[in-house]
Amino acid sequence: MTHGTPPRLQTPLACLLALLTGLVVATTPTSAAAGAPAAPARREAAAVARAATYQVTLSAARAGRTGSSWRLRGTVSPAPPHGVVRLERRRAGNWRAVRDVAVRDGALDVRVRLPATRGTARYRVVVAARPGVRATTARVAPVDVYTLHTYAVRTRGHVTYPVERFTTTAAAIYADQRGWRAAHHRFRRVADGGDLTLVLAQARTMPSFSASCSVRYSCRVGRYVVVNQSRWRGGSTPFTGSLADYRRMVLLHETGHWLGLHHATCPRAGARAPVMQQQSKSLQGCRPNPWPLDRELRSVA
Ligand SMILES: [Zn+2]
């Protein structure tokens, strides 16, 4: 069979081949209707419009520890040029190539190391054009690159509040997207040791952690994040929010100290109080607020 025979040119693929092999004048209806050969630019545009697109699927974990191995799997069809696609990453600014990834039998499966510093990492796969198929870029959902902190739970003194309930509530507060987790800090409980010790302490034992700790409030001393049992049970009068919010505030406040933050003050009357404000003592005209403000999140991100 020769080029240009009518049966072959009825199919889209044949039309495309014809376009690419210079038979466009003879075969495209547009140029025939216009009564003149199409301009090269229009011919190209027509070719691209008729070109197929890659079908790309990607799946990957949406979170991972700093510096850990991160796996990306997916499919690319049809086969890309040279059997490779380019994996790119963006943290701030431009996309940068990470590496070429081989596609075998239509599948890709690669492990790369996540950045060593926490933050949001974005990844995409770039598939180069091949004859008849347009270049494609497929993005992966943003990856939360987090620092993992481990903690053990202890009590001191005569603790009457159920420790298991305290532990469960604390874990939920640490896991909440509105807490320090939003700044890429995650906390995992361990049986012993860990990076910090979360203590539920009888009020009168507070000064045993440091002379600067008051029997009236909670405290943070070195690796110890100490929650005063009396405050945990009853909240604090100046804090006008709910008891559940008070517990969130106090845990995130003391843990904020552990992350390196100092006290903040109410920025203006009616504003949400910073979590690092001493809301147990006074709201200073602010509204009670258990969650870190955006600027507090940024300061430990
Ligand atoms: Zn404090």
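Just so we're aligned, residue 1 is where the sequence shown starts under my numbering, counting upward by one.
Note that CB positions come from ideal geometry on N, CA and C, so glycine has one too.
If residue i sits next to residue j, beta carbons under 8 angstroms apart, how far is it from one beta carbon to the other, in whole angstroms?
{"i": "L72", "j": "Y123", "result": "7 angstroms"}
{"i": "A119", "j": "A264", "result": "One detail in the question is off: residue 119 reads as Gly in this sequence, not Ala. Actually they are not in contact, since the Cβ atoms of G119 and A264 sit about 23 angstroms apart, beyond 8 angstroms."}
{"i": "G67", "j": "L114", "result": "6 angstroms"}
{"i": "A63", "j": "R91", "result": "Not quite, the Cβ-Cβ distance comes to about 15 angstroms (not below 8 angstroms), so this is no contact."}
{"i": "D100", "j": "R86", "result": "6 angstroms"}
{"i": "V313", "j": "T255", "result": "Beyond the ends of the chain as shown, which are 1 and 301, falls residue 313; an answer cannot be given."}
{"i": "S218", "j": "R231", "result": "6 angstroms"}
{"i": "H184", "j": "T147", "result": "6 angstroms"}
{"i": "G278", "j": "C286", "result": "In the sequence on display, residue 278 carries Gln and not Gly. That belief does not hold up - the Cβ atoms of Q278 and C286 are roughly 11 angstroms apart, past 8 angstroms."}
Nearest-angstrom Cα distance between residue i and residue j?
{"i": "A14", "j": "A51", "result": "At A14, the pLDDT of 40 sits below 50, so the modelled position is not reliable; the number obtained from the coordinates is stated separately. Distance between the alpha carbons of A14 and A51 is about 12 angstroms."}
{"i": "T21", "j": "T57", "result": "Because T21 sits at a pLDDT of 33, beneath the cut-off of 50, its placement in the model cannot be relied upon, and the point is left open."}
{"i": "V227", "j": "R189", "result": "16 angstroms"}
{"i": "H262", "j": "R186", "result": "20 angstroms"}
{"i": "L243", "j": "G235", "result": "6 angstroms"}
{"i": "H149", "j": "R223", "result": "12 angstroms"}
{"i": "C266", "j": "L259", "result": "20 angstroms"}
{"i": "R65", "j": "H257", "result": "22 angstroms"}
{"i": "T155", "j": "T169", "result": "15 angstroms"}
{"i": "S77", "j": "V103", "result": "9 angstroms"}
{"i": "S69", "j": "A141", "result": "17 angstroms"}
Going by DSSP, name the residue or residues bridged to residue i.
{"i": "D353", "result": "In the structure displayed, the chain extends from 1 to 301; residue 353 sits before or after that span and is not available."}
{"i": "F166", "result": "The partner list for F166 (beta bridge, DSSP) is empty, contrary to what the question assumes."}
{"i": "C219", "result": "V226"}
{"i": "Y151", "result": "R189, L196"}
{"i": "S59", "result": "R73"}
{"i": "Q277", "result": "A264"}
{"i": "D109", "result": "R73"}
{"i": "D100", "result": "R86"}
{"i": "G119", "result": "V145"}
{"i": "R156", "result": "A201"}
Residue j and residue i - do their beta-carbons sit closer together than 9 angstroms?
{"i": "F239", "j": "P288", "result": "yes"}
{"i": "Q229", "j": "L196", "result": "no"}
{"i": "Y54", "j": "V110", "result": "no"}
{"i": "A61", "j": "V143", "result": "yes"}
{"i": "V145", "j": "T117", "result": "yes"}
{"i": "E88", "j": "V133", "result": "no"}
{"i": "Q202", "j": "G157", "result": "yes"}
**Q.** the region 286–293 in contact with the region 267–277 per 3-pair CB rule at 8 angstroms
**A.** Judged by Cβ distances under 8 angstroms, the region 286–293 makes contact with the region 267–277, as three or more pairs qualify.
Q) Are the region 173–190 and the region 247–261 in contact at 8 angstroms, needing three or more beta carbon pairs? A) For the pair of segments examined, the region 173–190 was found to touch the region 247–261: the number of CB pairs separated by less than 8 angstroms reaches three.
Q: Give a yes or no on contact between the region 66–84 and the region 160–174, applying the rule of three or more CB pairs nearer than 8 angstroms.
A: Result no; under three Cβ-Cβ pairs closer than 8 angstroms.
Q) Would you say the region 208–223 touches the region 133–145, given that touching needs at least three Cβ pairs under 8 angstroms? A) In short, these stretches do not touch, since the Cβ pair count stays below three.
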